[in-house]
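Residue numbers (the numbering used here): 36 to 120.
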């Protein structure tokens, strides 16, 4: 099951206006290379962008969790010796 279908079962439609001709040709070429319809190619691009954002958000949560953790004095000294900030 794809990401956009997991988020919400109900389909949504939107219209994209004033797409520059060069961008449209690029999308058409990309869809042709991937043997997809324009609809499926654009959905693939949107899905990839959404997943990338979710991945970044998860990485930020992991970093924040580490920052909230208190370092011991030994860990501080070890970090200094290794040249870590």
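Think of the CB as a built atom: it goes at the ideal place given N, C-alpha and C, for glycine as much as any other residue.
None of these values were measured; they are calculated from a predicted model.
Pair within 7 Å by beta-carbon distance, residue 65 and residue 82
As a first step, residue 65 must be located in the chain shown, where it is residue number 30. As a first step, residue 82 must be located in the chain shown, where it is residue number 47. Cβ atoms of residue 65 and residue 82: not closer than 7 Å.
Distance between residue 101 and residue 107 (C-alpha atoms, nearest Å):
Here residue 107 is taken as the residue at index 72 of the chain shown, counted from 1. Here residue 101 is taken as the residue at index 66 of the chain shown, counted from 1. One alpha carbon belongs to residue 107, the other to residue 101, and they sit about 13 Å apart.
Give the C-beta separation of residue 68 and residue 79 to the nearest angstrom, bearing in mind that I take them to be a contact with Cβ-Cβ under 8 Å.
Indexing the chain shown from 1 puts residue 68 at position 33. Indexing the chain shown from 1 puts residue 79 at position 44. At roughly 12 Å, the Cβ-Cβ gap does not stay under 8 Å, so residue 68 and residue 79 are not in contact.
For the alpha helix (DSSP H) containing residue 66, list its first residue and its last residue.
For this step, residue 66 is matched to residue 31 along the chain shown. Start and end: 56-68.
Flag residue 73 as yes if its beta-carbon sits less than 7 Å from any beta-carbon of chain C, otherwise no.
The structure shown has no chain C; it contains just one protein chain.
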